[in-house]
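J.: Each residue of the sequence shown is one higher than the one before, starting from 65 at the first, in this note's numbering.
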Amino acid sequence: MIPDRYFLIALLAAGLGGGGAMLMSRSAAVETVDGARAFPMEVIELPDIAVLDGEGRALSLRKEAVGDALLVVNFNFTTCETICPVGNVVMKAIDDRARTEVPMPVRLLSITIDPARDTPRKMREAAREAGASAQWLWLTGAPADIDLLLGRFDARAADIQFHDPMFLIGDARSGRFRRIVGLPKPERVLEELRGFAS
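1. For a test of your reading of the model: does the CB of ASP117 fall under 6 Å from any non-hydrogen atom of the ligand ZN? Yes or no.
2. Could you check which residue in LEU123, PRO104, GLU119 has the C-alpha nearest to that of ILE113?
3. In three-state terms, what does DSSP make of THR204?
4. May I have the straight-line CA-CA distance separating GLY118 from ASP98, to the nearest angstrom?
5. Comparing alpha-carbon positions, which option in THR96, GLY151, ARG126, LEU134 lies nearest ASP228?
6. Inspect the CB distances between the stretch 149–164 and the stretch 172–188 and report whether three or more fall short of 8 Å.
7. Quick check: what's the CA-CA separation for CYS144 versus ASP178?
8. Using a Cβ-Cβ cutoff of less than 6 Å, which residues in the same chain neighbour PHE187 once the five nearest sequence positions on both sides are dropped?
9. Taking 7 Å as the cut-off, decide whether the C-beta atoms of LEU134 and ASP235 are in contact.
10. Quick test of your reading: VAL166 and PHE231, contact by CB under 8 Å. State the CB separation rounded to the nearest angstrom.
11. Nearest-angstrom Cα distance between SER101 and ALA196?
12. May I ask you to report which of helix, strand or coil DSSP gives ASP235?
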């Protein structure tokens, strides 16, 4: 269970971005839950690029980092002191519960929005601090590759200090994803995952 104070802090921090720091060109959200905006289902094709995990290993994003698992993706950077730590709390709760509450394998990806500074070592340290399991990968890579990936996810931030918290939940095999902007309760994300698994 995530303490409500984390969500209060997160909502205040998210307000710094004015709700538009992520460069998203989509219409109004279809629903608001827990202060987070859920958008209609969309199709996103993952680019076939190499990413680096916390050990510095080059992984094919589609084949090795994702594979056949359902996917939860968020975007952060290791020196963030506002919204990212709260997003990590949400991801940790999903990481802890997905293995027993979702009837398919689930892979969690935390992708840096600051690849020039977020080295594999920094990502590894952040993953350890967040208590990430082996199913929760913290990814960086060449700035051009990460920029391509952020563009495909429509997750580029005009100013990384004020980026909106965003989660993508979906199935990379079909390319179908639900986008949630804000900080959803873990129960909401797990419910979305179970829907993809059914």
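Note that the Cβ used here is the ideal one computed from N, Cα and C, for glycine as well.
It should be emphasised that the depicted structure is a prediction, and the values quoted were computed from it without experimental measurement.
T.: Looking at the coordinates:
1. Ligands are entirely absent from the displayed structure, and the ligand ZN is therefore not among its contents.
2. If we check each option's Cα against that of ILE113, LEU123 comes out closest.
3. For THR204, the three-state secondary structure derived from DSSP is strand.
4. One alpha carbon belongs to GLY118, the other to ASP98, and they sit about 32 Å apart.
5. Closest by alpha carbon: GLY151.
6. When Cβ pairs closer than 8 Å are counted between the two stretches, the stretch 149–164 is seen to touch the stretch 172–188, the count reaching three or more.
7. Each residue's Cα considered, the two are about 10 Å apart.
8. According to the sequence shown, residue 187 is Met rather than Phe. Hits under 6 Å: GLY118, TRP202, THR204.
9. Closer than 7 Å, so yes.
10. About 15 Å separates the two Cβ atoms, so there is no contact after all.
11. At residue 101 the sequence reads Arg, which differs from the Ser that was named. Looking at the two C-alpha atoms, the distance is approximately 26 Å.
12. In this structure, ASP235 counts as strand in the three-state DSSP scheme.
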